[in-house]
Every structure is written in structure tokens, then in C-alpha cells.
Amino acid sequence: MTDIVFNGVSKRFDGQDVLKDVNLVFPGGALSCLMGPSGIGKTTLLNLMMGFAQPDAGQILGAPHKIAAVFQEDRLCEDFSAVQNVRFITGGRVTPATIREHLSKVHLPQESLDKPACLLSGGMRRRVAIVRAVLHDAELLILDEAFKGLDDVTRQATIDYILENTKGKTVIAVTHESRETELLKGKIIRLEDTMQKTHEESTCDVRGQLPLKVTGVVIGGKKIGRRLGFPTANLSFPFGGCDVDNGVYIARICLPDGRFLPAVLNHGHHPTIPEGPPAVEVHILDFDEEIYGQKVTVEYLRFTRPEIKFASEEVMRQRVMQDISEARAWFLNPSV
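Numbered according to my numbering, the sequence shown spans residues 69 to 404.
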């Protein structure tokens with residue numbers, strides 16, 4: 069299955085940014101949990117993915133045409149029974165007997181399956197909507213707070229049902245509940261961590277106010293760090309708005325797929341390419357993937373030493389390895 073990629077996506081309503089420069093990846097064929105505070109734009113992001121709206125800037129790549137969704141409203145046909153609501157979507161592809169079997173797996177009692185949807189409780193209606201979406205022949209399943217109103221036992225059974233019947237499909241579940249993310253066992257993506265700051269905010273904070281964040285694109289280098297045993301990502305961003313001391317920092321990097329990874333960085337002139345313009349060179353601990361061309365966010369956590377001009381590559385290698393060891397120790401005990 070193809071990944072769904074948001075590349076610099078922005079959306080405005082009435083002159084206000086709802087989504088600003090969103091960069092994230094939903095892995096194809098896997099389950100992702102999309103989290104974020106109310107009003108941050110999760111529903112807008114889903115609407116863009118489903119084609120209900122178009123972004124004002126950026127691209128959405130890999131979104132399939134065949135999508136099934138469970139919205140915050142159940143959207144059932146009120147006069148149809150539970151079985152009829154599901155069959156209305158599946159047609160002759162799924163037999164009524166199979167539909168009944170699936171509805172029973174989410175703890176719907178047999179006597180409720182032939183009642184009009186208008187007579188079902190909120191929790192029952194919710195489970196009918198979930199089964200209908202799961203049985204739809206779709207490549208992407210979207211669950212927008214789909215487990216609201218379900219008790220713990222029913223929620224567990226319903227999530228187990230989803231996991232069992234969506235293997236190999238792309239599933240995106242919007243939730244506020246940490247317990248639901250534990251049950252869903254999916255990759256957690258926090259929408260607030262994928263958006264660039266607005267134009268009114270500086271590229272990074274002022275000197276001395278750590279932690280601070282910068283966002284930029286990973287550019288190609290000469291791979292000197294890799295040859296010396298510490299591969300680095302070269303990050304290019306406008307230096308004019310970032311008033312911090314040149315030197316080495318313990319850091320954390322956020323990748324487009326939402327992962328936060330420990331790192332150590334040099335801010336200023338590259339220790340491995342000293343003749344180049346100012347930039348940031350980041351070594352991500354225990355990481356060996358290609359991220360060239362991707363937009364990442366780096367969070368400066370602690371200043372460790374000023375910039376040094378090394379006499380030789382070997383002297384530089386030994387000092388950088390010491391920087392990496394110090395960063396590892398700090399992440400084990402950040403209070404030091």
C-alpha cells in the first residue's frame with residue numbers, strides 16, 4: 069500500500085490558518101492514530117484527504133480513491149435495519165448472513181439486527197457504522213472519534229474486530245484517548261508537531277531561551293561524517309532570524325512521519341564542511357535512514373560547547389564521538 073504524504077499543506081478559512089505547512093506521512097497498509105487538541109484542524113485534514121476540500125498550498129500524495137469513513141455522526145439510513153444499512157453499501161458482495169456474523173462480533177444482539185436504525189441506542193448505531201465501513205471495499209479506513217459512547221468491554225471488542233478485519237489496509241483513527249491508542253497499537257501522530265509556526269512567529273527563539281525549534285529541509289552533503297562513523301543530516305534554514313550561539317547542542321529531531329528521535333547538532337559552520345555557509349549539522353542517535361529532501365524540525369535542548377576549528381579529521385572525530393557520548397548520557401538523565 070502507498071504512503072499518504074502531506075507535503076507543506078496549508079488551509080485557510082475566513083482569512084485564518086486552520087492548517088499551516090503540515091508535513092507528515094501516514095504509512096500505507098498500517099494503522100495510525102491522529103491526535104491533537106480540539107480545534108487544531110484534525111477534521112479539516114481528513115476532509116482534505118477525502119477530497120471534500122482542496123488545500124490552499126502544498127500537496128497530498130498517495131491518497132486513494134476508495135475510502136471508507138466513520139464520522140463523528142453515524143449517518144445511518146434511519147428506516148433501514150442494521151443489516152440493511154450495511155448491505156446498502158456492500159451490495160451483493162457480502163451476504164446478509166456474513167453481515168450478521170460481523171455485527172455479532174461487535175456485541176450487537178441478534179434481536180437488534182432487524183430493527184430500524186432509529187430505534188437503536190447510540191452505541192449500537194456507532195457499531196453498525198463501524199461494521200459498514202470495515203466491510204466496504206476500500207483501501208483507506210478513516211475513524212473519526214469512532215469509539216465515543218462505547219463502554220470499555222464493547223470498545224475492546226470493537227477495536228479487536230477492526231484490527232482483525234483491516235490487516236494490510238491503511239487505517240487512520242482520530243482519538244483524544246490515550247487508552248484507545250494503546251488498544252489500537254498504531255503509530256501515534258500528533259498534529260501540533262507537524263505544523264510550522266505562523267509567519268508572525270520567528271524562525272526560532274532568542275538566545276538563551278532553550279528549548280527552541282527550527283524547521284528546515286535536509287540537504288545533501290559530502291558524507292564526510294558517515295565516513296568518519298557519525299552520519300549527519302545537513303539542515304538548511306534562514307539564519308537571519310535565529311540568534312543563538314554557534315556550537316554543539318543536545319537536541320531532538322521530529323521527522324515528517326511524526327517520530328521524535330534524540331540527536332546532537334552543530335549550529336554554525338559545518339565541522340565536516342567548514343568552508344560552507346552557516347547551517348546545522350545533526351547526528352541522530354542510532355539512526356541510519358535516508359531523509360534527504362525532507363522537512364524536519366529540530367529542537368535545541370541544551371548547549372554543551374562552543375564551535376571548534378579542528379586541526380585534523382581524527383581530532384574532530386574523537387571530539388564528535390565524545391559529544392555523542394555526552395548526549396547519550398544526558399538523555400538517560402536529563403536532570404544532569
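Even glycine gets a Cβ: it sits at the ideal position worked out from N, Cα and C.
Please report the distance separating the alpha-carbon of residue i from that of residue j.
i: isoleucine 240; j: leucine 99; result: 6 Å
i: threonine 365; j: lysine 183; result: 52 Å
i: arginine 195; j: phenylalanine 371; result: 52 Å
i: threonine 300; j: glutamate 394; result: 17 Å
i: glycine 119; j: leucine 87; result: 15 Å
i: phenylalanine 94; j: glutamate 248; result: 18 Å
i: arginine 373; j: glycine 83; result: 44 Å
i: valine 285; j: threonine 262; result: 14 Å
i: lysine 255; j: methionine 103; result: 11 Å
i: alanine 131; j: valine 316; result: 40 Å
i: tyrosine 229; j: valine 199; result: 9 Å
i: isoleucine 392; j: valine 383; result: 14 Å
i: isoleucine 359; j: phenylalanine 298; result: 15 Å
i: threonine 222; j: proline 177; result: 12 Å
i: serine 380; j: aspartate 356; result: 25 Å
i: lysine 216; j: valine 242; result: 11 Å
i: serine 422; j: glycine 191; result: Outside the displayed span of the chain (69 to 404) sits residue 422, for which this structure offers no information.
i: isoleucine 108; j: aspartate 325; result: 18 Å
i: glutamine 386; j: glycine 336; result: 19 Å
i: glutamate 269; j: glutamate 146; result: In this predicted model, glutamate 269 has a pLDDT of only 34, less than 50, meaning its place in the structure is not dependable; the value taken from the coordinates is given anyway. Answer to the nearest angstrom: the Cα atoms are 49 Å apart.
i: glycine 276; j: glutamate 213; result: Residue placement at glycine 276 is flagged as unreliable, the pLDDT there being 47, under the threshold of 50; the coordinate-derived value follows with that caveat. So the two alpha carbons sit approximately 41 Å from each other.
i: glutamine 92; j: leucine 211; result: First, the amino acid is wrong: residue 92 is leucine here, not glutamine. If I take the Cα positions, the gap works out to 18 Å.
i: leucine 171; j: glutamine 390; result: 59 Å
i: glycine 308; j: asparagine 302; result: Caution is warranted here: a pLDDT of 47 is assigned to glycine 308, below 50, making its placement in the model unreliable, and the coordinate value is therefore given only provisionally. One C-alpha to the other measures close to 18 Å.
i: asparagine 401; j: asparagine 233; result: 42 Å
i: glycine 160; j: arginine 80; result: 42 Å
Rounded to whole angstroms, how far is the Cβ of residue i from the Cβ of residue j, which I believe are closer than 8 Å?
i: aspartate 142; j: alanine 197; result: 5 Å
i: alanine 185; j: asparagine 153; result: 6 Å
i: isoleucine 321; j: tryptophan 398; result: Between tryptophan 398 and isoleucine 321 the Cβ distance is about 15 Å, and since that is not below 8 Å, they are no contact.
i: leucine 231; j: isoleucine 135; result: Their Cβ separation, rounded to whole angstroms, is 19 Å, which puts leucine 231 and isoleucine 135 out of contact at 8 Å.
i: leucine 280; j: tyrosine 368; result: 5 Å
i: leucine 259; j: lysine 110; result: 6 Å
i: glycine 97; j: methionine 69; result: 4 Å
i: alanine 137; j: valine 174; result: Going by Cβ atoms, the distance from alanine 137 to valine 174 rounds to 17 Å, so no, they are not a contact pair.
i: leucine 129; j: valine 73; result: 4 Å
First and last residue of the beta strand (DSSP E) that includes residue i?
i: lysine 88; result: 84–94
i: threonine 238; result: 238–242
i: valine 282; result: 280–287
i: methionine 69; result: Careful: methionine 69 lies outside any beta strand (DSSP E) and carries neither H nor E.
i: methionine 263; result: Looking at the DSSP string, methionine 263 is not in any beta strand (DSSP E), and its letter there is neither H nor E.
i: leucine 102; result: 99–103
Residue i by DSSP, collapsed to three states: which one?
i: glycine 361; result: coil
i: glutamate 269; result: Any reading at glutamate 269 needs caution, since the residue's pLDDT is 34, under 50, leaving its predicted position unreliable; the model's value is listed next. Note: glutamate 269 maps to coil in three-state DSSP.
i: valine 162; result: coil
i: lysine 235; result: coil
i: glutamate 367; result: strand
i: serine 149; result: strand
i: glycine 190; result: helix
i: glutamate 349; result: strand
i: alanine 137; result: strand
i: alanine 125; result: strand
i: alanine 206; result: coil
i: alanine 214; result: coil
i: phenylalanine 81; result: strand
i: arginine 320; result: strand
i: arginine 223; result: helix
i: arginine 295; result: helix
i: leucine 171; result: helix
i: isoleucine 256; result: strand
i: phenylalanine 378; result: coil
i: arginine 373; result: strand
i: phenylalanine 74; result: strand
i: alanine 301; result: strand
Could you check where the alpha helix (DSSP H) with residue i kicks off and where it finishes?
i: methionine 389; result: 381–400
i: arginine 247; result: 246–252
i: asparagine 334; result: Asparagine 334 -> not in any alpha helix (DSSP H); beta strand (DSSP E) instead, spanning 328–336.
i: threonine 111; result: 110–118
Does residue i have its Cβ less than 9 Å from a Cβ in chain C?
i: valine 332; result: Considering every chain present, this structure includes no chain C. It has just one protein chain.
Should the segment 114–126 be regarded as contacting the segment 148–168, the criterion being three or more beta carbon pairs within less than 8 Å? For the pair of segments examined, the segment 114–126 was found not to touch the segment 148–168: the number of CB pairs separated by less than 8 Å stays below three.
Are the segment 316–333 and the segment 346–366 in contact at 8 Å, needing three or more beta carbon pairs? By the C-beta criterion, the segment 316–333 is judged to be in contact with the segment 346–366, since at least 3 inter-stretch pairs fall below 8 Å.
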